[in-house]
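First to last, the protein sequences are chains A and B.
Residues in the first sequence are numbered from 1 upward in steps of one, following the numbering used here.
Residues in the second sequence are numbered from 479 upward in steps of one, following the numbering used here.
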Amino acid sequence: MKPVTINFRSKAAQTLADAQIQQSIEHVYTGFFKGRLLAAAETDNWEDLRTKGKAIKDHTIAHLDYYLGMLADSVEKNGGRVFFAADAAEARQYIIDLAHKRNIKTVIKSKSMVSEEMGLAEAMNTEGFETVETDLGEYIIQLANETPYHLIAPAVHKSRSDVAKLLDDDYKDGDRIPDATELTMMARKKLRGVFERADMSVTGVNFAVAESGSIALVTNEGNGRMSTTVPRVHVAVMGMEKIIPSIQDLSTMLRILIRSATGQRISTYVTMVNGSRKFDEEEGPEEFHLVIMDNGRQKLLEDPQMRESLNCIRCGACLNACPVYRKVGGHAYGWVYPGPIGAIVSPVMTGVKDASNLPSASSLCGACHDACPVKINIPRMLLELRWRTAEGSTDKDERTSSAKERGIWKAWRVGMMGRKRFDIGSRLANLAMRPLAKNGWLKKAPPPISGWTSTRDFPTISARSLKSKLSKRSKGGK
Amino acid sequence: MPDYSLNPPLPNRVTLFASCMVDQLAPSVGESAVDVLEHLGVSVEFLDNQTCCGQPAFNSGFRSEALPVGTRFIELFEQVDGPIVVPSGSCAAMVRNYYRDLFRDDPKLLERSSRVAERVFELIEFISRFFGTEAIIGQLNTSATYHKCCHLLREIGIDGEPSAMLSNIEGLEMIPLERADVCCGFGGAFSVKMPDISSAILDEKLDFIEATGSSTVIAADMGCIYQMQGGLRRRGSDVQVLHIAQILAESLRNGSSHGAAL
Numbered sequence: 001m002k003p004v005t006i007n008f009r010s011k012a013a014q015t016l017a018d019a020q021i022q023q024s025i026e027h028v029y030t031g032f033f034k035g036r037l038l039a040a041a042e043t044d045n046w047e048d049l050r051t052k053g054k055a056i057k058d059h060t061i062a063h064l065d066y067y068l069g070m071l072a073d074s075v076e077k078n079g080g081r082v083f084f085a086a087d088a089a090e091a092r093q094y095i096i097d098l099a100h101k102r103n104i105k106t107v108i109k110s111k112s113m114v115s116e117e118m119g120l121a122e123a124m125n126t127e128g129f130e131t132v133e134t135d136l137g138e139y140i141i142q143l144a145n146e147t148p149y150h151l152i153a154p155a156v157h158k159s160r161s162d163v164a165k166l167l168d169d170d171y172k173d174g175d176r177i178p179d180a181t182e183l184t185m186m187a188r189k190k191l192r193g194v195f196e197r198a199d200m201s202v203t204g205v206n207f208a209v210a211e212s213g214s215i216a217l218v219t220n221e222g223n224g225r226m227s228t229t230v231p232r233v234h235v236a237v238m239g240m241e242k243i244i245p246s247i248q249d250l251s252t253m254l255r256i257l258i259r260s261a262t263g264q265r266i267s268t269y270v271t272m273v274n275g276s277r278k279f280d281e282e283e284g285p286e287e288f289h290l291v292i293m294d295n296g297r298q299k300l301l302e303d304p305q306m307r308e309s310l311n312c313i314r315c316g317a318c319l320n321a322c323p324v325y326r327k328v329g330g331h332a333y334g335w336v337y338p339g340p341i342g343a344i345v346s347p348v349m350t351g352v353k354d355a356s357n358l359p360s361a362s363s364l365c366g367a368c369h370d371a372c373p374v375k376i377n378i379p380r381m382l383l384e385l386r387w388r389t390a391e392g393s394t395d396k397d398e399r400t401s402s403a404k405e406r407g408i409w410k411a412w413r414v415g416m417m418g419r420k421r422f423d424i425g426s427r428l429a430n431l432a433m434r435p436l437a438k439n440g441w442l443k444k445a446p447p448p449i450s451g452w453t454s455t456r457d458f459p460t461i462s463a464r465s466l467k468s469k470l471s472k473r474s475k476g477g478k
Numbered sequence: 479m480p481d482y483s484l485n486p487p488l489p490n491r492v493t494l495f496a497s498c499m500v501d502q503l504a505p506s507v508g509e510s511a512v513d514v515l516e517h518l519g520v521s522v523e524f525l526d527n528q529t530c531c532g533q534p535a536f537n538s539g540f541r542s543e544a545l546p547v548g549t550r551f552i553e554l555f556e557q558v559d560g561p562i563v564v565p566s567g568s569c570a571a572m573v574r575n576y577y578r579d580l581f582r583d584d585p586k587l588l589e590r591s592s593r594v595a596e597r598v599f600e601l602i603e604f605i606s607r608f609f610g611t612e613a614i615i616g617q618l619n620t621s622a623t624y625h626k627c628c629h630l631l632r633e634i635g636i637d638g639e640p641s642a643m644l645s646n647i648e649g650l651e652m653i654p655l656e657r658a659d660v661c662c663g664f665g666g667a668f669s670v671k672m673p674d675i676s677s678a679i680l681d682e683k684l685d686f687i688e689a690t691g692s693s694t695v696i697a698a699d700m701g702c703i704y705q706m707q708g709g710l711r712r713r714g715s716d717v718q719v720l721h722i723a724q725i726l727a728e729s730l731r732n733g734s735s736h737g738a739a740l
């Protein structure tokens, strides 16, 4: 997927003006966010689980080369093939070449954000393979020719009538709106035949277990189970960070992932894949391939201030908690990963310059940090990236701040470096504001305050500072 | 942070870190903080040279501008001993949680800043930690709702304490606020740089505030207070947004015969 992070402002404005999307997206709070709180409260040791989850990921990422080697060995021992892809293009090409070699006609995909990085479904369709998304949300998005809106709920912005229109060519506005079960049945009818004729599947990976070479898949619709058992070739794709050392770690990680993502205790399906069908087994694919992709992750790994973002297990809890995501929606972020996690990984993975608005679009409220099952300190990294775009702190070429902006902060600093200047500055500001103010508030102000007064009244600077009030008080007055 | 609770002598002297916003925009909030602290038997020192902790520039990414201002803050406040109290969770968070990033390339300053940081307390945190949430018993006849400012809640970890303190004010009817812990959309420069997004978040907050029917919103950080008050005024609403220090001080003025100092 080509990043269009540069369009953040205009995309955000579009979504803010779209009443239907604003209503649909409420579900991430009322459903997912509240569900997570309830599911976490049910455990008697949620904070311990988060601490443990963080420790597992910190350790794994610190020794990533070691565990990747172990994973590759284990998968091969299980009869699978491993391909390390440096970028999305390499990964795509490997899968397309494989499909050609195996005379594949139909490819079923289960949900995978990494495959979105590759733009895989589109590329495979262009190559002539019938490639169909089988996760209901992804299927809706594919029919709408859009990209996912949310890490775990790709079509969360669509209303039921939007979905009906996509699934049924005859559906018109004003017709009775089918309920969720009816919509699912419509999709199921369409997808059943595809499942039956599929000869290849591409799935994601929730966790890859290094010691056993197992792939864990968390799904709710059964499409993941079908994808890993029906077609003769199974390709699993993963970002190189989606790895944990042992099967014991999986127990912790599944608990925090699922409760954080949907608020379920456990998903309807947790599928474990240990490679292809063994000689004494009757079912399963004939071939299993694991594609492990870098695509910019090495940059995060080499960046001590940003490395922690590789701990992400893609549960979407930070999106649900984020007041900004809930207003600007998933497409504004302009690449595969939206919300707070997208605002920290997209700039590094796709280029800080174009994405400079992403880390700025935050009130730094910290709800993402609170919600994260592996305690990623997202606000800290947003501030880190703001430093890079404001001052070019790690690379002068990454600086996107305007000369005017830099001038304002320079002036601010001068004003703050002495109490006299601080008081004189405030006194002047008070005098300038006073004639324009009504009851101490401004309705309109010149830039840069005009941004504020476009929607809110602005308070005037007080005629007297606290210092002057307190000094008067200590002299006996009040 | 040292655990003072094991060593009961209560602090009887603090230094007020006003925060630049209280100092120049809302001095009455600073005076209220002084009133409340003095009611508890704590004398308050004010360092006349204070300006700002550096947070505005730091949060906007201009660390080279924030650095000298933060250094100045450290140099000023290391001249005094004892607790440093600030009526802002956001400024407390800057010094306690973010100076370690601001000064990370200068081990000496980092060490000095951590010595100062461990003495910094947000006002409500200070009162509830050393004097308890029942230390202030005043009187105020009004209805109000409480908004949980993000940095006080999530950076400093003060959650139920303000409500517990407010529940001791006689005559004050507290009405629960839906999504009280969701941000008001302020976010410093964010509110000016991306006003459309900031205001969309604010609108949701104001709808919930108006749904409570209360005449007053209580909060604990001036940025959030001005964001909400500015938005309410623009809506033509009469609802007042006040700092919790103002509410506590006012309740003490009304109920001083009733409330007992320690």
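Where is the CB? At the ideal position from N, CA and C, for every residue including glycine.
Per-residue burial, residue 533 (chain B) [other beta carbons within 10 Å of its own, 16 or more giving buried]: Here residue 533 (chain B) refers to the residue found at position 55 when the second sequence is read from its first residue. A residue is called buried when at least 16 other Cβ atoms come within 10 angstroms of its Cβ; residue 533 (chain B) meets this threshold and is buried.
is_contact[residue 364 (chain A), chain B] using C-beta, thresh 9 Å: Within the first sequence, residue 364 (chain A) is the residue found at index 364, counting from 1. Yes, its Cβ sits closer than 9 Å to a Cβ of chain B.
Cutoff 7 Å; reference residue 571 (chain B); Cβ partners in own chain excluding five residues on either side: Position 93 of the second sequence, counted from the start, is the residue given in the question as residue 571 (chain B). So the qualifying residues of the chain are 629, 633, 634.
CB contact flag (residue 708 (chain B), residue 434 (chain A), <9 Å): Numbered from its first residue, the second sequence carries residue 708 (chain B) at position 230. Numbered from its first residue, the first sequence carries residue 434 (chain A) at position 434. Going by C-beta atoms, residue 708 (chain B) is not nearer than 9 Å to residue 434 (chain A).
Residue 229 (chain A) versus residue 100 (chain A) - alpha carbon distance: By 1-based counting over the first sequence, the position of residue 229 (chain A) is 229. By 1-based counting over the first sequence, the position of residue 100 (chain A) is 100. CA-to-CA, the gap between residue 229 (chain A) and residue 100 (chain A) works out to about 21 Å.
Neighbour list for residue 319 (chain A) in chain B, Cβ cutoff strictly below 7 Å: Counted from its first residue, the first sequence places residue 319 (chain A) at position 319. Under the 7 Å cutoff, chain B gives no residues; its nearest Cβ is about 14 Å from residue 319 (chain A).
Per-residue DSSP class, three states only, for residue 736 (chain B): Against the second sequence, residue 736 (chain B) aligns to sequence position 258. Interpretation of residue 736 (chain B) is limited by its pLDDT of 41, a score under 50 that renders its predicted location unreliable; no figure is taken from the coordinates.
Residue burial classification, residue 8 (chain A) (beta-carbon count within 10 angstroms, cutoff 16): In the first sequence, the residue the question calls residue 8 (chain A) occupies position 8. It is buried - the Cβ of residue 8 (chain A) has at least 16 other Cβ atoms within 10 Å.
Spatial distance of residue 65 (chain A) from residue 288 (chain A) (CA atoms): Here residue 65 (chain A) refers to the residue found at position 65 of the first sequence. Here residue 288 (chain A) refers to the residue found at position 288 of the first sequence. The alpha-carbon atoms of residue 65 (chain A) and residue 288 (chain A) are separated by roughly 22 Å.
For residue 104 (chain A) and residue 200 (chain A), believed in contact at Cβ under 8 Å, the rounded distance: As a working note, residue 200 (chain A) is residue 200 in the first sequence. As a working note, residue 104 (chain A) is residue 104 in the first sequence. Rounded to whole angstroms, the Cβ separation of residue 200 (chain A) and residue 104 (chain A) is 4 Å, and the two are in contact under 8 Å.
Neighbourhood of residue 702 (chain B) by C-beta, 6 Å cutoff - its chain only, sequence neighbours within 5 removed: Taking the second sequence and counting its residues from 1, one reaches residue 702 (chain B) at position 224. Answer for residue 702 (chain B): 627, 662, 664, listed in chain order.
Per-residue contacts from residue 452 (chain A) into chain B (C-beta, under 8 Å): Counting from 1 along the first sequence, the entry for residue 452 (chain A) is found at position 452. 669, 670, 673, 708, listed in chain order.
Cutoff 9 Å: residue 416 (chain A) Cβ touching any chain B Cβ: Within the first sequence, the letter at position 416 stands for residue 416 (chain A). Yes, residue 416 (chain A) counts as interfacial toward chain B.
Three-state secondary structure (DSSP) of residue 434 (chain A): Here residue 434 (chain A) is taken as the residue at index 434 of the first sequence, counted from 1. Residue state, collapsed to three classes: helix.
When B:669, B:514, B:599 are compared against residue 453 (chain A), the one with the closest alpha-carbon: Here residue 453 (chain A) is taken as the residue at index 453 of the first sequence, counted from 1. Of B:669, B:514, B:599, the residue nearest in Cα terms is B:669.
The stretch 276-295 of chain A touching the stretch 326-334 of chain A, judged by at least three CB pairs closer than 8 Å: In short, these stretches do not touch, since the Cβ pair count stays below three.
First through last residue of the beta strand (DSSP E) which encompasses residue 292 (chain A): Here residue 292 (chain A) is taken as the residue at index 292 of the first sequence, counted from 1. From DSSP, the beta strand (DSSP E) with residue 292 (chain A) extends over 287-293.
Backbone secondary structure at residue 118 (chain A) - three-state DSSP: Here the question's residue 118 (chain A) lines up with position 118 in the first sequence. DSSP places residue 118 (chain A) in helix when its eight states are reduced to three.
Cβ-based contacts, 7 Å cut-off: residues of the stretch 541-554 of chain B near chain A: Cβ contacts with chain A come from 541, 542, 543, 546, 547, 550.
Whole-Å CB distance - residue 79 (chain A) paired with residue 275 (chain A), under 8 Å assumed: Counting from 1 along the first sequence, the entry for residue 79 (chain A) is found at position 79. Counting from 1 along the first sequence, the entry for residue 275 (chain A) is found at position 275. Their Cβ separation, rounded to whole angstroms, is 5 Å, which keeps residue 79 (chain A) and residue 275 (chain A) in contact under 8 Å.
Terminal residues of the beta strand (DSSP E) in which residue 603 (chain B) lies: Here residue 603 (chain B) refers to the residue found at position 125 of the second sequence. Segment 601-608 is the alpha helix (DSSP H) holding residue 603 (chain B); no beta strand (DSSP E) there.
Interface residues of the stretch 564-579 of chain B facing chain A [CB-CB below 8 Å]: So the list reads 576, 579, given in the order they occur along the chain.
Simplified DSSP state of residue 267 (chain A), which is helix, strand or coil: Translated into the one-based positions of the first sequence, residue 267 (chain A) becomes position 267. In the structure shown, residue 267 (chain A) falls within a coil segment according to DSSP collapsed to helix, strand and coil.
Any alpha helix (DSSP H) of 4 or more consecutive residues that is wholly inside the stretch 229-286 of chain A: Here the runs fully enclosed are 247-261.
Residue 60 (chain A): contacting residues in chain B (beta-carbon distance under 8 Å): Counting from 1 along the first sequence, the entry for residue 60 (chain A) is found at position 60. The contacting residues do not exist; residue 60 (chain A) stays about 25 Å from chain B at best.
Residue 469 (chain A) burial status per 10 Å Cβ neighbour count (16 or more: buried): Taking the first residue of the first sequence as position 1, residue 469 (chain A) is located at position 469. Looking at its Cβ environment, which holds 16 or more other Cβ atoms inside 10 Å, residue 469 (chain A) is buried.
Ranges of the beta strand (DSSP E) found wholly within the stretch 165-238 of chain A, counting only runs of at least 3: Restricted to the stretch 165-238 of chain A, the beta strand (DSSP E) segments that are unbroken, complete and at least 3 residues in length are 200-203, 207-209, 214-219, listed in chain order.
Cβ-based neighbour list, residue 2 (chain A), same chain, cut-off 7 Å, excluding 5 preceding and 5 following: The residue given as residue 2 (chain A) occupies position 2 in the first sequence. The beta carbon of residue 2 (chain A) lies closer than 7 Å to none in the same chain, with the five residues before and after it left out.
Inter-residue spacing [alpha-carbon to alpha-carbon] between residue 736 (chain B) and residue 45 (chain A): Here residue 736 (chain B) corresponds to residue number 258 of the second sequence, with the count starting at 1. Here residue 45 (chain A) corresponds to residue number 45 of the first sequence, with the count starting at 1. Reliability of the predicted coordinates at residue 736 (chain B) is poor, the pLDDT of 41 falling under 50, and no value is obtained from them.
Residues, ordered as in the chain, of the stretch 648-670 of chain B that lie near chain A by beta-carbon distance below 9 Å: Among the residues of the stretch 648-670 of chain B, those with a Cβ less than 9 Å away from any Cβ of chain A are 657, 659, 660, 661, 662, 663, 664, 665, 666, 667, 668, 669, 670, in the order of the chain.
Below-9 Å beta-carbon distance, residue 632 (chain B) vs any chain A residue: Taking the second sequence and counting its residues from 1, the one referred to as residue 632 (chain B) is at position 154. So yes, residue 632 (chain B) belongs to the interface.
The stretch 398-417 of chain A contacting the stretch 594-612 of chain B, beta-carbon criterion three pairs below 8 Å: In this structure the stretch 398-417 of chain A does not lie against the stretch 594-612 of chain B, because fewer than three pairs of beta carbons, one per stretch, are closer than 8 Å.
Three-state secondary structure assigned by DSSP to residue 478 (chain A): Within the first sequence, numbered from 1, the residue matching residue 478 (chain A) stands at position 478. Bear in mind that the predicted position of residue 478 (chain A) carries a pLDDT of just 49, short of 50, making it too unreliable to give a figure here.
Secondary structure of residue 721 (chain B), DSSP reduced to three states: Residue 721 (chain B) sits at position 243 when you count from the first residue of the second sequence. Here residue 721 (chain B) sits in strand by DSSP.
N-terminal and C-terminal residue of the beta strand (DSSP E) that residue 624 (chain B) is part of: Walking along the second sequence from the start, residue 624 (chain B) turns up at place 146. Judged by DSSP secondary structure, residue 624 (chain B) falls within the beta strand (DSSP E) whose first and last residues are 617-624.
Minimum Cβ-Cβ distance from residue 740 (chain B) to chain A less than 9 Å: Numbered from 1 along the second sequence, position 262 holds the residue referred to as residue 740 (chain B). At residue 740 (chain B) the pLDDT is 41, less than 50, meaning the model places this residue with poor confidence and gives no usable figure here.
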